[in-house]
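Using full-length UniProt numbering, read the sequence shown as starting at 1 and increasing by one per residue.
Contents: one structure, followed by commentary.
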Amino acid sequence: MTQPIDKAYATTKLLDFIRQMPSLSTTAAKVLQVCNTPAPSPNDLNRVISLDPVLAGKVLKLINSAYYARRNKITSLTRAIIMLGINT
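This is the structure we're talking about:
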(Lines of atoms letter the chains of each structure in order from A and count residues from 1; the text may use other names and numbers.)
(Lines give C-alpha, C1' and ligand atoms only; values in the text may rest on other atoms or scores of the structure.)
Protein backbone atom coordinates (compact mmCIF):
# COMPACT_ATOMS: atom_id res chain seq x y z
CA MET A 1 0.00 0.00 0.00
CA THR A 2 1.33 3.44 -0.84
CA GLN A 3 1.60 6.24 1.68
CA PRO A 4 -0.03 9.58 0.96
CA ILE A 5 2.51 12.22 -0.05
CA ASP A 6 2.86 15.17 2.26
CA LYS A 7 2.30 18.15 -0.06
CA ALA A 8 4.49 20.49 1.99
CA TYR A 9 7.35 17.99 1.89
CA ALA A 10 6.92 17.42 -1.86
CA THR A 11 6.84 21.18 -2.49
CA THR A 12 10.00 21.68 -0.43
CA LYS A 13 11.81 18.91 -2.31
CA LEU A 14 10.72 20.35 -5.66
CA LEU A 15 11.91 23.84 -4.72
CA ASP A 16 15.25 22.43 -3.55
CA PHE A 17 15.62 20.62 -6.86
CA ILE A 18 14.84 23.78 -8.85
CA ARG A 19 17.35 25.82 -6.82
CA GLN A 20 20.07 23.27 -7.61
CA MET A 21 19.47 23.37 -11.37
CA PRO A 22 22.19 25.21 -13.29
CA SER A 23 21.12 28.56 -14.66
CA LEU A 24 21.47 29.51 -18.29
CA SER A 25 24.94 30.92 -18.78
CA THR A 26 25.36 34.51 -19.87
CA THR A 27 27.12 33.27 -23.01
CA ALA A 28 24.15 31.10 -23.95
CA ALA A 29 21.83 34.06 -23.41
CA LYS A 30 24.04 36.23 -25.66
CA VAL A 31 24.08 33.50 -28.34
CA LEU A 32 20.28 33.42 -28.30
CA GLN A 33 20.19 37.20 -28.50
CA VAL A 34 22.49 37.21 -31.55
CA CYS A 35 20.51 34.42 -33.23
CA ASN A 36 17.27 36.35 -32.75
CA THR A 37 18.55 39.46 -34.53
CA PRO A 38 17.15 40.05 -38.04
CA ALA A 39 20.39 39.07 -39.82
CA PRO A 40 22.78 37.19 -37.53
CA SER A 41 26.23 36.60 -38.97
CA PRO A 42 28.71 33.82 -38.20
CA ASN A 43 31.24 36.48 -37.15
CA ASP A 44 28.79 37.88 -34.59
CA LEU A 45 28.30 34.40 -33.16
CA ASN A 46 32.04 33.76 -33.22
CA ARG A 47 32.67 36.87 -31.10
CA VAL A 48 30.18 35.68 -28.48
CA ILE A 49 31.03 31.96 -28.47
CA SER A 50 34.79 32.54 -28.39
CA LEU A 51 34.38 34.25 -25.01
CA ASP A 52 33.43 30.85 -23.54
CA PRO A 53 36.18 28.27 -24.22
CA VAL A 54 33.98 25.38 -23.09
CA LEU A 55 31.18 26.30 -25.49
CA ALA A 56 33.67 26.91 -28.31
CA GLY A 57 35.15 23.46 -27.69
CA LYS A 58 31.70 21.87 -27.75
CA VAL A 59 30.88 23.53 -31.08
CA LEU A 60 34.13 22.24 -32.59
CA LYS A 61 33.56 18.80 -31.07
CA LEU A 62 30.07 18.71 -32.58
CA ILE A 63 31.14 19.67 -36.11
CA ASN A 64 33.97 17.12 -35.99
CA SER A 65 31.73 14.33 -34.68
CA ALA A 66 30.89 11.24 -36.71
CA TYR A 67 27.36 12.61 -37.19
CA TYR A 68 28.64 15.19 -39.69
CA ALA A 69 31.14 12.75 -41.29
CA ARG A 70 33.75 15.38 -42.15
CA ARG A 71 36.85 14.18 -44.00
CA ASN A 72 38.97 17.05 -42.72
CA LYS A 73 39.03 18.29 -39.16
CA ILE A 74 37.47 21.74 -38.69
CA THR A 75 39.56 23.92 -36.36
CA SER A 76 38.06 27.34 -37.09
CA LEU A 77 35.13 28.33 -34.90
CA THR A 78 33.74 30.61 -37.61
CA ARG A 79 33.92 27.79 -40.16
CA ALA A 80 32.16 25.45 -37.72
CA ILE A 81 29.39 28.01 -37.19
CA ILE A 82 28.96 28.43 -40.95
CA MET A 83 28.76 24.67 -41.47
CA LEU A 84 26.34 24.12 -38.59
CA GLY A 85 24.17 27.07 -39.55
CA ILE A 86 22.58 29.70 -37.37
CA ASN A 87 19.41 27.70 -36.65
CA THR A 88 21.15 24.49 -35.52
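Where is the CB? At the ideal position from N, CA and C, for every residue including glycine.
Quick caveat: nothing in here was measured; it's all calculated off a predicted structure.
Pair within 8 Å by beta-carbon distance, residue i and residue j
{"i": "Cys35", "j": "Ile86", "result": "yes"}
{"i": "Gln60", "j": "Thr27", "result": "Note on residue identity: the sequence assigns Leu, not Gln, to residue 60. It is not a contact, given that the beta carbons lie outside the stated cut-off."}
{"i": "Thr11", "j": "Asn46", "result": "no"}
Own chain residues within Cβ distance below 7 Å of residue i, not counting five before or after
{"i": "Pro44", "result": "What sits at residue 44 in the sequence shown is Asp, not Pro. Same-chain partners within the cutoff: Val34."}
Close-in-space but distant-in-sequence residues of the same chain around residue i (CB under 6 Å, 5 per side omitted)
{"i": "Lys73", "result": "Asn64"}
{"i": "Pro42", "result": "Thr78, Ile81 and Ile82"}
Close-in-space but distant-in-sequence residues of the same chain around residue i (CB under 8 Å, 5 per side omitted)
{"i": "Pro40", "result": "Val34 and Ile86"}
{"i": "Ile49", "result": "Thr27, Val31, Leu55, Ala56, Val59, Leu77 and Ile81"}
Closer than 8 Å to chain B by CB, residue i
{"i": "Lys61", "result": "Protein chain content of the structure displayed is limited to a single chain, and chain B is not contained in it."}
Reduced DSSP category for residue i - H, G, I as helix; E, B as strand; rest coil
{"i": "Ser25", "result": "coil"}
{"i": "Ala66", "result": "coil"}
{"i": "Gly57", "result": "helix"}
{"i": "Asn36", "result": "coil"}
Limits of the unbroken alpha helix (DSSP H) element including residue i
{"i": "Lys73", "result": "No alpha helix (DSSP H) contains Lys73, which DSSP labels as neither H nor E."}
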